[in-house]
Amino acid sequence: MVAEDIIAALQLPEQARVNQRVAKKLLIENLAPTTSDRQQINDGVEEVQWVAALKPGNCGIPAYRDAQREYVEAAVLHLNLRQSARPARLIELLHRAVPHPTLVLVSTPDSLQLSVCHKRWAQNEAGKIVLDGDIATVALQAAPHVKADFLAAVSLERQPRSNLYAFYQGWVDTLLALQAAYLTGSFRMASSPPDAAARHQALQACIELQAQIGAVRTLAQKAQQIARQVELNLQLKQLQKALDEAQAKL
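Note that this note's numbering has the sequence shown beginning at 1052, numbered continuously upward.
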């Protein structure tokens, strides 16, 4: 699967398509606060393509505004990276640079990822827009039936259309459903906003527990004393039980 397959699955309105390459010089001027970041862009970025700009006038979805944010547009960008790139940092820089909520397709020589993150106004600097919460980045490496279900679910027509915030949250929930499918083996969209929020909490718990299990397993392999090995194996059983319980909530 390549980025073009995802773009086709999104079923973006033709009038919303931009299809313009973003100059690397512009990226460096707008994305790179440090010398290291500038070097990363020069060495790691092959190309950035602005795929689409979804606005009320070209997609029929109303804008959204409350005390925290204003969504008048949602962007779709394709970030094409070289083998030497540090994807996580470049994805973060791109999300920070675009003032609108953005779906980022990330291509590397050996992977394809999708990334989303909400935006809000800064609390202590008028007019400044910052990231709202963690960046969610999910690799597309699922089984064929999971990919097929995901591609059907990510279509613009399958997202909520009451306003651009609800619409973008639909994409966030779809990515979380894909992430959950890696643990459950099947793709299932949340049935309601509370269900989506509960799934997000369960996913976070699974990620944390998996990291803890990996760390304890490493310690157990290195332990020399039998008593210490027994203690760590007991911890592993407890963590695995907690992981099973968290996965059951997905």
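Heads up, the beta-carbon is just placed ideally off N, CA and C, and yes, glycines get one too.
When the five nearest sequence neighbours on each side are left out, the beta carbons in the same chain lying within less than 7 Å of the beta carbon of Met1052 are those of Leu1163, Leu1191 and Lys1198, in order along the chain. In this structure the segment 1165-1177 lies against the segment 1114-1130, because at least three pairs of beta carbons, one per stretch, are closer than 8 Å. Within the segment 1103-1157, the alpha helix (DSSP H) runs of at least 4 residues that lie entirely inside it are, in chain order, 1107-1110 and 1138-1148.
The beta carbons of Ala1271 and Leu1254 sit no closer together than 8 Å. Comparing alpha carbon positions, the residue from Asn1109, Pro1113 and Val1181 closest to Gln1062 is Asn1109.
Look at Val1167 here: in three-state DSSP terms it is strand. Here the C-alpha atom of Met1240 lies approximately 27 Å from the C-alpha atom of Asp1161. Per DSSP, Asn1093 lies in no beta strand (DSSP E); the unbroken alpha helix (DSSP H) holding it starts and ends at Thr1086 to Gly1095. Note that the C-beta distance between Ile1258 and Thr1188 is not below 8 Å. Taking each of Val1099, Ile1079 and Gln1100 in turn and checking the Cα distance to Gln1090, the smallest one comes out for Ile1079. Counting only runs of 3+ residues, the beta strand (DSSP E) found wholly inside the segment 1057-1085 occupies 1068-1073, in chain order. Straight through space, the alpha carbons of Val1099 and Leu1156 are spaced by roughly 10 Å.
At a Cβ-Cβ threshold of 8 Å, Val1127 and Val1102 count as neighbours. Look at Glu1296 here: in three-state DSSP terms it is helix. Taking C-beta separations shorter than 7 Å and ignoring five residues to either side along the sequence, the partners of Tyr1233 in its chain run Ala1193, following chain order. The segment 1205-1213 and the segment 1273-1284 do not touch, with fewer than 3 CB-CB distances between them shorter than 8 Å.
Listed in chain order, the non-local C-beta contacts of Pro1113 below 6 Å within the same chain comprise Pro1107 and Asn1214, local neighbours out to five positions each way being set aside.
Judged by DSSP secondary structure, Val1181 falls within the beta strand (DSSP E) whose first and last residues are Ile1180 to Ala1190. Ala1054 sits close to His1129, with the two beta carbons spaced by under 8 Å.
In the DSSP assignment, Phe1238 falls outside any alpha helix (DSSP H) and carries neither an H nor an E.
Judged by DSSP in its simplified three-state form, Glu1098 adopts strand.
CA-to-CA, the gap between Ala1059 and Ala1228 works out to about 20 Å.
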